[in-house]
Amino acid sequence: MLEKRFIIENLQKTYCYRCGTSLEGAKLITISEAPIALVAHAVCAICKAESMVTITPTGSGSVPVQSDLNGEEFKKFIGAKAVSYDELLDLHVALKKKNIWSLLAKKEKKPANKRKA
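Taken in order, the sequence shown gives residues 266 to 382; the numbers are from this note's numbering.
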């Protein structure tokens with residue numbers, strides 16, 4: 266596990282791809298952490314540009330994020346199991362029968378009317 270001081274020092278030397286500001290003050294959400302590496306989702310404190318940051322003892326780097334996912338969603342889906350071919354084919358067949366909105370909509374059950382005694 267990397268020390269907090271080491272992480273901050275590396276963020277000082279890592280810059281936002283959009284505005285060029287140091288990512289030292291960026292909001293970080295840890296995606297993956299190992300004894301010798303940290304992968305985090307960073308949001309620039311100045312321009313709110315999002316990046317994936319990797320910090321290791323040999324240095325750090327960042328990659329712009331072009332996604333509609335936020336840091337917590339990245340964290341949620343990073344460990345999710347992959348979609349199988351069978352699941353994809355099942356979805357394809359279902360979409361041939363109904364549109365996506367029909368499949369996504371939950372059918373609400375009407376509550377039973379209470380009878381007066």
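We put the beta carbon where it would ideally sit given N, CA and C, even for glycine. Quick caveat: nothing in here was measured; it's all calculated off a predicted structure.
Residue range of the alpha helix (DSSP H) that Ser349 falls in?
Counted from its first residue, the sequence shown places residue 349 at position 84. Per DSSP, Ser349 belongs to no alpha helix (DSSP H) and is neither H nor E.
For a quick check, are the C-beta atoms of Lys361 and Ser325 less than 8 Å apart?
Within the sequence shown, the letter at position 96 stands for residue 361. Within the sequence shown, the letter at position 60 stands for residue 325. Contact flag unset, no.
Just to confirm my understanding: we take Ile273, look at its own chain, exclude 5 residues before and 5 after, and list those with CB closer than 7 Å. What are they?
Here residue 273 corresponds to residue number 8 of the sequence shown, with the count starting at 1. Correct list, in chain order: Glu289.
Run through DSSP, which three-state label would Gly326 get?
Translated into the one-based positions of the sequence shown, residue 326 becomes position 61. Note: Gly326 maps to strand in three-state DSSP.
Buried/exposed call for Asn364, threshold 16 Cβ in 10 Å:
Residue 364 sits at position 99 when you count from the first residue of the sequence shown. Classification for Asn364: exposed.
Cβ pair Ala307, Val318 closer than 8 Å
Position 42 of the sequence shown holds residue 307. Position 53 of the sequence shown holds residue 318. Here Ala307 is near Val318, since their CB atoms are less than 8 Å apart.
For Ile294, which residues in the same chain have their Cβ closer than 7 Å to its Cβ, ignoring the five residues on either side in sequence?
Looking up residue 294 in the sequence shown gives position 29. Around Ile294: Ala305, His306, Gly336, Glu337 and Lys340.
Give me the DSSP bridge partner(s) of Thr295.
Within the sequence shown, residue 295 is the residue found at index 30, counting from 1. DSSP lists Ala305 as the bridge partner or partners of Thr295.
Ser383 burial status per 10 Å Cβ neighbour count (16 or more: buried):
Because the chain spans 266 through 382 in this model, residue 383 falls outside it and cannot be assessed.
Endpoints, the beta strand (DSSP E) within which Glu315 is located
Position 50 of the sequence shown, counted from the start, is the residue given in the question as residue 315. That run of the beta strand (DSSP E) goes Glu315 to Thr321.
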